[in-house]
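S.K.: In terms of the UniProt record's numbering, the sequence shown opens at residue 1 and continues consecutively.
A virtual CB, placed ideally from N, CA and C, is assigned to each residue, including glycine.
Sharing a structure, written as structure tokens. Questions coming.
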Amino acid sequence: MMKTITRLHRAMVLLEYFTSNSWVWNTDNVNMLMNQLNPEDKKTFNIDVRQLHWAEYIENYCMGTKKYVLNEEMSGLPAARKHLNNLHQHHSSKASIFRRSAFFTVRLSHPYMTPGKTIALIRGTFVGKVMSLLFNMLSRLVITFLPRSKRLLISWLQSPSAVILEPKKIKSDTVCTVSPSISHEVMGPDAMILVF
Numbered sequence: 001m002m003k004t005i006t007r008l009h010r011a012m013v014l015l016e017y018f019t020s021n022s023w024v025w026n027t028d029n030v031n032m033l034m035n036q037l038n039p040e041d042k043k044t045f046n047i048d049v050r051q052l053h054w055a056e057y058i059e060n061y062c063m064g065t066k067k068y069v070l071n072e073e074m075s076g077l078p079a080a081r082k083h084l085n086n087l088h089q090h091h092s093s094k095a096s097i098f099r100r101s102a103f104f105t106v107r108l109s110h111p112y113m114t115p116g117k118t119i120a121l122i123r124g125t126f127v128g129k130v131m132s133l134l135f136n137m138l139s140r141l142v143i144t145f146l147p148r149s150k151r152l153l154i155s156w157l158q159s160p161s162a163v164i165l166e167p168k169k170i171k172s173d174t175v176c177t178v179s180p181s182i183s184h185e186v187m188g189p190d191a192m193i194l195v196f
């Protein structure tokens with residue numbers, strides 16, 4: 001761990017000058033030169049950056065920085081890519097679990113759901129306490145681990161007090177939590193309002 005921190009610190013020191021200063025680039029001379037070159041010279045001196053394949057360029061840039069500026073070994077690259085892939089799979093599996101938990105929570109409250117109906121669950125009741133606890137836990141966990149999804153969007157503004165589900169006619173299931181001040185004004189601090 002200390003070796004990694006030392007390498008990161010050294011990289012930050014090396015790049016500090018470039019990252020902490022403001023840079024302004026003027027390309028008027030290059031554009032003027034590019035317009036004055038004849039077609040044969042344009043082939044020899046290719047200075048048109050519009051023809052660059054930027055993804056490949058950035059990858060080469062990062063590899064060159066790693067090898068020549070930071071003096072790191074390139075032999076550890078396959079292991080690092082494998083580790084990154086494992087982290088991605090781990091993240092995806094957690095996101096899937098939390099996504100399914102959110103849908104299970106919604107399915108659990110299915111008897112209460114009717115399109116166009118508003119239900120206020122007071123946290124003093126058993127169902128209110130369970131739903132409040134589940135939505136509170138899920139909103140915090142899903143925000144932390146769930147990537148942006150086409151089917152589920154949870155925005156957590158303070159502590160979740162209300163969950164609003166779109167009607168069935170809309171294809172995507174969108175879930176969002178509403179600021180507690182909205183429900184506190186209507187029902188008091190112990191209310192959770194579900195709008196279906």
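Within 10 angstroms of the Cβ of residue 18, are there 16 or more other Cβ atoms? Answer buried if so, exposed if not.
M.R.: Exposed is the call here.
S.K.: Consult DSSP for residue 21 and reduce its assignment to one of helix, strand or coil.
M.R.: Note: residue 21 maps to coil in three-state DSSP.
S.K.: Any contact of the stretch 6-15 with the stretch 69-77, i.e. 3+ C-beta pairs under 8 Å?
M.R.: The answer is yes - the stretch 69-77 touches the stretch 6-15, with three or more Cβ pairs under 8 Å.
S.K.: Determine the DSSP secondary structure at residue 28, reduced to helix, strand or coil.
M.R.: In this structure, residue 28 counts as helix in the three-state DSSP scheme.
S.K.: How many Å lie between residue 207 and residue 60 at the Cα?
M.R.: Within the shown structure, residues of the chain are numbered from 1 to 196, placing residue 207 beyond reach of any answer.
S.K.: In the structure shown, what three-state DSSP assignment does residue 48 receive?
M.R.: Looking at residue 48 - three-state DSSP - the assignment turns out to be coil, as it is neither helix nor strand.
S.K.: Reducing DSSP to helix, strand and coil, say where residue 53 ends up.
M.R.: Coil at residue 53, not helix or strand.
S.K.: Relative to the alpha-carbon of residue 28, which residue among 1, 82, 48, 83 has its alpha-carbon at the smallest distance?
M.R.: That would be 48, whose Cα lies nearest to the Cα of residue 28.
S.K.: Report the option in 63, 82, 25 whose CA atom is closest to the CA atom of residue 74.
M.R.: Answer by Cα proximity: 63.
S.K.: For a quick check, are the C-beta atoms of residue 45 and residue 52 less than 8 Å apart?
M.R.: No, the Cβ-Cβ distance between residue 45 and residue 52 is not below 8 Å.
S.K.: Which of the three DSSP states, helix, strand or coil, is assigned to residue 15?
M.R.: In this structure, residue 15 counts as helix in the three-state DSSP scheme.
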